[in-house]
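For reference, the structure is listed below as structure tokens.
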Amino acid sequence: MVQKKDLEIVRKFKKKLSKKLTIKKIILFGSRATGKTHKWSDFDLIVVSDEFKGKKSFERGIGFHNDWGMIIRLISYVSHLKNLIDWKKGQL
């Protein structure tokens, strides 16, 4: 189960990011979501926003790492939930 301190970090990130774009959803997955973390666990996030539509994947995350304030292994920015579902199907 996700730790309260990790949820608070994600909420703070969402609040900062919301000043730059309209966020439909942020999804936390991986070890932080399951609560099975270790010393080097990162935050795996999917950010869903219509404002990413038409942008290449590398363009979607430009500038957001500064908002995070720590190293991120993966942030996936998708334009709508259909893209997220299609992406997830490709991972199975």
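Numbering (the working numbering), first residue to last: 3 to 94. Ideal placement from N, C-alpha and C gives every residue a C-beta, glycine not left out.
Nearest Cα to E10 within the set R62, K41, A35: A35. Beta-bridge partners of I29 (DSSP): I48.
Per the coordinates, the alpha-carbon of L23 lies some 29 Å from the alpha-carbon of M3. When rounded, the separation of the alpha-carbon atoms in I28 and K16 is 7 Å. The straight-line gap separating the alpha-carbon atoms of L47 and K58 is approximately 18 Å. Excluding the 5 residues flanking it on each side, S43 has same chain C-beta neighbours closer than 7 Å at S33, R34, in chain order.
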